[in-house]
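Step one of this worksheet: look at the structure below.
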Amino acid sequence: MSLAEHLFQDFIAQKRYMYLVEGLKNTLIITAGALVLGIILGVIAAIIRVQHQNKKTGSEKVGPILFLANLIVNLYLTVIRGTPTIVQLMILTFAIWKSGQPIQVAIVAFGINSGAYVAEIIRSGIQSVDSGQTEAGRSLGLSARMTLQKIVLPQAFKNVAPAIFNEFISLVKETSVAGYVGIQDLTKGGDIIRSQTYDAFPPLLAVALIYLVIVIGLTQILGLLERRMARSDIR
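If you're matching positions, the sequence shown starts at 7 in our numbering and goes up one per residue.
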């Protein structure tokens with residue numbers, strides 16, 4: 007069989023290319039949803055850790071609510087960062103949230119996983135902001151919460167924007183394991199074609215090339231973002 011016949015059989019016959027199209031759509035949905043959830047969880051976890059650390063460093067008394075919240079966050083970070091993503095996804099799918107829609111479950115699973123890494127990124131960003139900024143905010147009469155919200159967090163996000171974008175790129179590739187729980191993501195789409203045609207190389211190569219194009223595109227956007235941020239710092 008010629009190369010053209012292989013390609014026709016793998017992608018054109020019976021519109022098998024639609025497996026890749028549908029899989030790509032699901033991959034992008036899961037990635038976008040997980041990123042949003044991960045940033046929300048990451049910001050909350052980072053703020054709790056920073057507030058707890060600041061009080062301890064300043065020899066202030068740590069309240070019971072903050073102490074418990076920090077304990078939960080530390081447990082969350084330890085468990086999520088210490089176990090494989092696929093195991094977390096399977097536990098959530100088959101043991102905890104059996105009745106959930108697969109894509110929704112995947113968004114939550116990958117979001118929880120991403121949040122643990124985003125938390126450390128945001129925490130480092132907050133700590134990179136000069137303490138004088140906080141003191142200036144408080145001297146202007148802002149509360150601790152308003153100082154964090156209006157002064158510290160915007161600068162922290164600017165400092166860690168490239169790192170968060172890199173987490174987004176990693177997340178795109180991590181979602182390739184979603185097929186283990188029955189979700190037709192991009193990788194699973196290629197595997198379905200392989201199982202129907204018994205021809206492994208073309209569909210799996212197509213999957214790899216699609217991921218590569220996505221990552222290269224996102225990397226180019228990251229480069230533009232970093233150059234724009236560098237110009238704004240100069241000004």
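Yeah, the Cβ is synthetic: ideal placement off N, Cα and C, and Gly gets one too.
Only a predicted model underlies this, so the values are computations on that prediction, with no experimental measurement involved.
Coil, strand or helix - residue i by DSSP
i	result
L148	coil
T153	helix
V158	helix
P70	helix
G131	helix
R22	coil
K104	coil
P168	helix
T99	helix
T89	coil
D16	helix
Backbone CA spacing between residue i and residue j [nearest angstrom]
i	j	result
A150	L26	49 Å
L34	V178	8 Å
K67	I157	24 Å
L192	L210	10 Å
Q15	L215	19 Å
Q226	L95	30 Å
A125	L83	8 Å
S182	P90	13 Å
Within 8 Å, strictly: CB atoms of residue i and residue j
i	j	result
V85	R55	no
A40	G117	yes
S120	G44	yes
I36	A184	yes
Q190	E11	no
G160	L228	A small correction: the amino acid at residue 160 is Pro; Gly does not occupy that position in the sequence shown. Contact: no.
G188	P108	yes
I132	A212	no
Y123	E180	no
L224	I175	yes
I199	V166	no
Can you list the beta strand (DSSP E) stretches of 3 or more residues lying completely in the stretch 179 to 241, in chain order?
Not a single unbroken stretch of the beta strand (DSSP E) spanning 3 or more residues falls wholly within the stretch 179 to 241.
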